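Respectively, the protein sequence lines represent chains L and F. Numbered per the working numbering, the first sequence finishes at 703, counting up by one with no gaps. Numbered per the working numbering, the second sequence finishes at 1458, counting up by one with no gaps. We put the beta carbon where it would ideally sit given N, CA and C, even for glycine. What you are looking at is a predicted structure, and each value in this text was computed from that prediction instead of being measured. Structure first, then comments.
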Amino acid sequence: MRDQTARMRRAVTFVTALAALLSAFRAAALEPTATVIEFYNASLNHYFITGFPEEAAMLDQGVVVPGWTRTGVQWQAWASATDHPSAVPVCRFYGSSIGPNSHFYTADPAECAFVKQDAAWRFEAIAFYIDVPQDGNCGADTTPVYRSFAPGAGLTDMNHRYLVDMTMHEHMAPSSILEGVVMCSPLSSTQKAADAVRLLEQATFGPNDDLIAHVFAVGSQAFLDEQFAATASTYPALPYVPAGQQATFCPTDPDPQCGRDYYSLFLLQNAFFQQALSANDQLRQRVAFALSQILVTSGLDVNLAYGMRGYQQLFRDNAFGNYETILTRVTLSPVMGDYLNMVNNDKPSATVQPNENYARELLQLFSIGVWMLNADGTQMRDASGAPVPSYDQDTIEGFAHVLTGWTYPPLPGVLPRTHNPKNYLADMSPVDTNHDKGAKQLLAGTVLPAGQTIQDDLAQAIHNVFMHPNVGPFVGRQLIQKLVTGNPTPQYVARIAAVFNDNGLGVRGDLKAVVRAILTDPEARGAVKLDPAYGKLREPVLFMTGAARALATQSDGVYFGQQARGLGQNLFYPPSVFNYYPPTYLLPDTAIVAPEFALANSSTAINRYNFANTLLFGTIAPLPTLPGAIGTTPALAALSSIAGDPAALLDRLDAQLLHSTMPPSMRGAILTALAAVPATDLLTRAKTAVYLVVTSPQYQVER
Amino acid sequence: MKAIAIPRRAFLRQLGALSALGLASRLDLIRFAAEASAQTQPDYKALVCVFLFGGNDGNNTVIPLDAAGYGQYAAIRPATSGINLSQASLLPIQPIDSASPFGLHPSLTDLQMLFNQNRMAILANVGTLLQPTTQAQYAAGLRPLSLYSHADQQAQWQSAVSSAASGTGWGGRIADKVAPMNAASGFPVVTSLDGAVLFTSGASAIPLSIPVTGSFALSGYSGSTAAAARMNAVQQLLAQASGNALVDGASDIGAQALDLSATVNPILANANSTIAPLFTNLNTSTANQLYQVAKLIEARAATGAARQIFFVQLGSFDTHGDQLNRQQNLFEELSPALKAFYDATVALGVASQVTTFTLSDFGRTLQPASGGGTDHAWGSHHFIIGGAVQGGKIYGRYPQLSLGGPDDAEKEGRWLPSCSVDQYGATLARWFGVATTDLDSVFSNLASFSTADLGFMG
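Put into structure tokens, the structure is as follows:
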């Protein structure tokens, strides 16, 4: 082994001279001038990086120094000190005859000088040039390079690894020590565009040309500031209709589609998709959509449009507010009250106990979960290694007693009673005489004293839940999953939970701070995502809106509402309070958490193809019974205009839909299919290309 | 983390080669399906799981009808509770070996008929268990993880693992054992009408998922040169390895979908199915699901399946409120659908080769909850239907209907199960053809119980 690496060392000396020679001919440019390529040696279990193309080619050939293969990891640097004003040399060391059988790289001049004095190391060359962090942070137009250290079995076995993908870096623990940011890799314009596209996938219902250019120009922080400030979209006002009286009420209503419009969520679905496709407050809508899948109600039980309208608007209005406010508003919502039986839940009688339904799901699904969590979202274990329940049946019954005494708000002009008729127009109303006045067991050993008012009991119980240490990791993890990746590292969860616990100003539960932290986290940002478990299957709604927004589709929303059902996500009609899919679902045969894969099966897979087929090759006409309907029409002219050059067409789709990660094999397969379309039929070429990209497995997964 | 590697790619490749036979030859096969089936597949068997999501209230499903037993029921669920079923409304059944009669919920007319014809058995008070459990052991903390939680108890009913999270379900694990019997065709053992559910998840193959209604056909392929080239590209993109586990997962599912669509869609779209009239007047989700199942059984010669496990579901059993109306509506959907399906198996000549059974999250508290409903509990009663079932009997042990009584784990009537999901599943698995020596690997906790055979399959 040492023989091989010694030969490599000699080769390095040669190529270093060559590189210096070549660099003299390169003009200084903003685009990075060197690519650092990572290799892996399985028998050594060592990683090695080189910025010298000749050395990489030599390793690829495997003759002079066999045993090294590319890992796929590569990042950018400068080939010469003159390529960029802030570039500094990176010293490359190899273990001496008494030192490690591996390489070490440093951009820190002091560290370089220090290691040069260490007899265990031998200075080899300036490996490449790169930017360095200031106070641990990398500047604009660069991405951090993280170093981890594998101690190995002994001195000769030690090895360092240098990665730009934070997720991969964190997965090196615990067998490696994570040493943090050591360099700042310059980003190419392609990589910066890729990051802009990825941010838009995470923060909107899909990137489009205008937003990609905008984010590229202003940067992610400024874009997020704009999004936090954008005016909230509102669902259209929908009139009160009497529950369960469709047969008698609708004949008296002027709307001939009264049943569809007011006794189903059809109009609400349309509005959701219209606004997802075209409104400016994209991030607010995305967060609201995420929250609506954590604090779930369903049109299967609450099918009055005006009621669900209020419930869904609640999440938009509070998407950047405080989570305690959301817990309170949801608890008092008549829609939730109806859905989970808190409405008209009375204090115990001789034969009837308070209803446990809302009490149980408030804890299990909306706030803390069934197991005690560590700050990083992993399960706490007791001394015997068993998970620790976060509450017991007595606690459920305690909360069930707290939540007694609320009824529907009184209808205007109707005399209030202790059990008002169904009405979703305002928060539920307290009826103190129906409230249990005993002491109640809450979380963390707290007991509410007997004799409190119904309002005080509720507020103190919500606060008791909100202050539980599980809430930050439990809710933070799910928001990460809904916005960025289904399988976040514990470190990512811990960073977000810390922001949930304190936004920096001492405020707990500030969702604006949480969302900003999620989207600016190194696991969300960064130019290159190579971790084999990173990302998430595009859930049906986002799959559809992503394709539609990329094509600047004009739509009244009807088509998307219809298609969502066959794709497994009938919008606003989740099958139960457990949402369309669970946050814990594992990709089959793996340990990778991939929630949206619970909706992936042969039936929905066929429907994804058919959705794209109709969108692109079909005609989606306006519904005659819907006033103002326009149907759904994607704009394909821009793509048709460049379809004469199939390679250019694919470059554009690659950048917009796949952040320029389309593999050559995929590109080749699509180019072959495009060649079968007559060159005179540019529109069909454009449609074919879009169809193949958006139905591809590569596009199904956002990463 | 599971130890088993991913054999799916190989499986899918094999399947792809088979479907290269083409659609036309498949249609030919279907045409002669009925004729061929009798001779070629004498060994055919199917298990049909009907999952009642939300936790069916067994206490209003099977009720003692004798004066003393009903009296206990009515004392805790009086008419004023809002969830009382009157004694006169119950459908009487007289189980073999039982001194006392029982009554079924008044909407279970069809199931009463099947029970009386000895085509249906009742398994009383079955539930998730770590081992046979006494009240004292429960009080000391011996219980399944997250008892009374929907998600966890659904998972435990489907996995038969109550001591930890499981990545596979017992339907999927049975499928792994019998998969060699389908080797000739490569057709998946498991078909789900509810997408990817834990029950169907095994190690050997991705379950087939079919729609409850509507087409399972890929649209947009007209036969033009350009369309053929496009399909060729689609197939290539599905076959390309990506380096990302999620992308590869999506590829596997997509490839399977395209492969099986060509075979299965003509079966589901078959307007001439001989059993269609049995389902004509039952336009419910449950009936539609069971009709799809029946059509696949009818076409077993075309699919080449010798063993099939189906997953069918009906939701909204979480009757915390308005239970009388809600459970009635649900049973009015469930009962005729199960009867139509049983009749279909009779018409297809496979009544004794198809066994249908119910599962559910848990039972519900005997004590009423505010709002005319009930809360989450534990053990409950289930139905097993088919020609091979030793019907007309109640298996397991019916609990004593008493709050805080000998069968109550708490004080609201949450029954300590008299037998376990493991035993329930193992009894079905043995009939299905899983070797006795394999039962312990399918049901890893089976040895904790006194018997692996509850007797209802003879």
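Looking only at DSSP bridge pairs, what is residue 1408 of chain F linked to? F:1415
- prompt: Can a CB atom of chain F be found closer than 8 Å to the CB of residue 11 of chain L?
  reply: Its pLDDT being 41, under 50, residue 11 of chain L is placed unreliably by the model, and the measurement read from it follows with that caveat. Not an interface residue.
**Asked** Can you name the residues of chain F whose CB is closer than 8 Å to the CB of residue 145 of chain L?
**Response** Near residue 145 of chain L there are no residues of chain F at all, since even the closest Cβ is about 21 Å away, more than 8 Å.
query: To the nearest angstrom, how far is it from the Cα of residue 1449 of chain F to the Cα of residue 1132 of chain F?
result: 7 Å
Quiz item: Nearest CA to the CA of residue 307 of chain L: which residue from L:379, L:522, L:580, L:428?
Solution: The candidate whose alpha carbon is nearest that of residue 307 of chain L is L:428.
- Under the rule that 16 or more other beta-carbon atoms within 10 Å means buried, what is residue 284 of chain L, buried or exposed? buried
- Message: Given this structure, state the Cα-to-Cα distance separating residue 1214 of chain F from residue 1416 of chain F, to the nearest angstrom.
- Response: 42 Å
**Message:** What residue range does the beta strand (DSSP E) around residue 1051 of chain F cover?
**Reply:** 1045–1052
Discussion item. Using only CA atoms, which one of F:1281, F:1358, F:1331, F:1325 lies nearest to residue 1311 of chain F?
Written reply: F:1358
| said: Suppose contacts are defined by Cβ-Cβ distances below 8 Å. Is residue 1130 of chain F in contact with residue 1162 of chain F by that definition? | reply: yes
Inset, instruction - Quick one: which residues of the region 673–688 of chain L get their C-beta closer than 7 Å to a C-beta of chain F? List them in chain order. - result: 673, 676, 677, 684, 688
Simplified DSSP state of residue 1073 of chain F, which is helix, strand or coil
helix
- Residue range of the unbroken beta strand (DSSP E) whose run includes residue 179 of chain L: For residue 179 of chain L, the uninterrupted beta strand (DSSP E) segment begins and ends at 177–186.
Is there contact between the region 1115–1122 of chain F and the region 1389–1397 of chain F, where contact requires at least three CB pairs shorter than 8 Å? yes
Is it buried or exposed for residue 1290 of chain F, if we count other Cβ within 10 angstroms and need 16 for buried?
buried
* To do: State the CB to CB distance for the pair residue 212 of chain L and residue 196 of chain L, rounded to an integer number of angstroms; the pair is presumed to be in contact (CB under 8 Å).
  => 5 Å
Could you check what DSSP says for residue 59 of chain L in three-state terms: helix, strand or coil? helix
7 Å Cβ cut-off: residues of chain L touching residue 1270 of chain F
The premise fails here: residue 1270 of chain F is roughly 17 Å from chain L at the closest Cβ pair, so nothing lies under 7 Å.
*asked:* Using a Cβ-Cβ distance cut-off of 8 Å, determine whether residue 1430 of chain F contacts chain L.
replied: no
- Query: Which residues in the same chain as residue 1405 of chain F place their Cβ atom closer than 7 Å to its Cβ, once the five residues preceding and following it in sequence are excluded?
  - Reply: So the list is empty, once near-sequence residues are dropped.
Boundaries of the alpha helix (DSSP H) in which residue 1157 of chain F is found, first to last residue: Residue 1157 of chain F -> alpha helix (DSSP H) spans 1150–1159.
* Asked: Heavy atom of the ligand ZN less than 7 Å from the Cβ of residue 613 of chain L, yes or no?
  -> Although the ligand ZN was asked about, the structure shown includes no ligands whatsoever.
*So, is the C-beta of residue 636 of chain L closer than 8 Å to a C-beta in chain F?*
no
Report task. Look up residue 1233 of chain F in the DSSP assignment and say whether it is helix, strand or coil. Result -> helix
- request: Say whether the region 547–563 of chain L touches the region 522–536 of chain L, bearing in mind that this needs 3 or more beta-carbon pairs closer than 8 Å, one atom from each stretch.
  value: no
*List the residues of chain L whose Cβ lies closer than 7 Å to the Cβ of residue 1225 of chain F, in chain order.*
676
*Specify whether the region 1352–1370 of chain F and the region 1057–1068 of chain F touch according to this definition: at least 3 beta carbon pairs, one from each stretch, less than 8 Å apart.*
yes
### Query
CB-CB under 7 Å to residue 407 of chain L, same chain, minus the five flanking residues each way: which ones, in chain order?
343, 344, 418, 419, 420, 428, 429, 431
Discussion item. Along the chain, where does the alpha helix (DSSP H) containing residue 122 of chain L start, and where does it finish?
Written reply: Where residue 122 of chain L is concerned, there is no enclosing alpha helix (DSSP H), although the beta strand (DSSP E) it sits in stretches over 121–130.
Notebook entry, point to check: By a C-beta neighbour count over all protein chains shown, 10 Å radius and 16 as the cutoff for buried, is residue 1410 of chain F buried or exposed?
Noted result: buried
task: Give the interface partners of residue 356 of chain L over in chain F, defined as CB-CB distance under 8 Å, in chain order.
output: Under the 8 Å cutoff, chain F gives 1320, 1369, 1375, 1376.
Please name the residue, chosen from L:81, L:180, L:260, L:336, that lies closest to residue 136 of chain L on a Cα-to-Cα basis. L:180
*Cβ-Cβ separation, residue 341 of chain L to residue 1321 of chain F (assumed contact under 8 Å), whole Å*: 4 Å
Can you tell me the Cα-Cα spacing of residue 613 of chain L and residue 1253 of chain F, whole angstroms?
19 Å
What do you get for residue 43 of chain L, buried or exposed, if any count of 16 or more other CB atoms within 10 angstroms of its CB means buried? exposed
**Message:** Taking DSSP's pairing of strands, which residues face residue 1123 of chain F in a bridge?
**Reply:** Looking at the DSSP assignment, residue 1123 of chain F forms a beta bridge with F:1382, F:1395.
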